[in-house]
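Enquirer:
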Amino acid sequence: MQHNRDFLPMGFFLAVVCLSGCAEKLPEFGQVQGTVTAKGKPLKNIIITFMPDPTQGNELPYNGSGQSDDQGKYELRYGFKGHEGVGAAIGWNRAVAIDTRYSSIPQGAPLPPRLFSPEYSGIATTPLKFEVKPGPQTIDIELK
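Residues 116 to 259 in the working numbering are what the sequence shown lists, from first letter to last.
1) Any contact of the region 207-217 with the region 157-171, i.e. 3+ C-beta pairs under 8 Å?
2) Which residues mark the beginning and the end of the beta strand (DSSP E) in which G206 is found?
3) Based on Cα-Cα distance, which residue from V147, K156 and I162 lies nearest to Y217?
4) By the three-class DSSP mapping on this structure, what secondary structure does E143 have?
5) As a quick exercise: from F144, T152 and E246, pick the residue whose alpha carbon is nearest that of K188.
6) Classify E174 as helix, strand or coil using the three-state DSSP reduction.
7) Less than 8 Å between the beta carbons of L230 and L158, yes or no?
8) To the nearest angstrom, how far is it from the Cα of G181 to the Cα of T164?
9) Use the C-beta contact count for G202: other C-beta atoms within 10 angstroms, 16 or more gives buried, fewer gives exposed.
10) Is it buried or exposed, Q146, if we count other Cβ atoms within 10 angstroms and call 16 or more buried?
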C-alpha cells in the first residue's frame, strides 16, 4: 500500500502536464492598430470590428474589435475561448464601423448628423476588406 501513495503525486503531476500540453492551440493573431478618419478628420468613439471573411477563405470563429479615442486611434482586441489579447484573425477580414452616438439616443430625440455612410455599419454592405498578417501592423481606415 505504501507504494500506491508514492505514485499518487506523480500521477497527478503527469495528468496536469498532459492537460496543459494537450490543450487546444490558439490560432495566430495579427496585432492591428490604426486611425479612423472621415473627410481627413479623426473620428472618436467609433467601434471598429474585423470579422473573418469566409468568401476569402477565412473561416476562423473570432472577431477583433476596438474603439477609437479622441485622436481617432484604435487597437483591435480579441476574446477567444476564455483567452483575451491584442489582435485580429490572420487572413482576409471585413471591417465594420459603428458610431456609438447612435446607441444612446433617447426615444423621440433628433438623430445626430451622420459622420459616414451607413454602409460601413453592416457586414453585408461594408466595402472595407483588409488582409491581417502575422505581427504588428497599421491599418488606417478612411470612411466616406
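From the three backbone atoms N, C-alpha and C, an ideal C-beta is built for every residue, glycine too. Only a predicted model underlies this, so the values are computations on that prediction, with no experimental measurement involved.
Expert: Reading it off the structure:
1) Yes, the region 207-217 is in contact with the region 157-171.
2) G206 to D214 is the span of the beta strand (DSSP E), which, as asked, contains G206.
3) For the residues V147, K156 and I162, the minimum Cα distance to Y217 belongs to I162.
4) Residue state, collapsed to three classes: coil.
5) Closest option to K188, Cα to Cα, is T152.
6) Coil.
7) It is a contact, given that the beta carbons lie within the stated cut-off.
8) Going by C-alpha positions, G181 is about 7 Å away from T164.
9) Answer is buried; the Cβ neighbour count reaches 16.
10) Q146 should be labelled buried.
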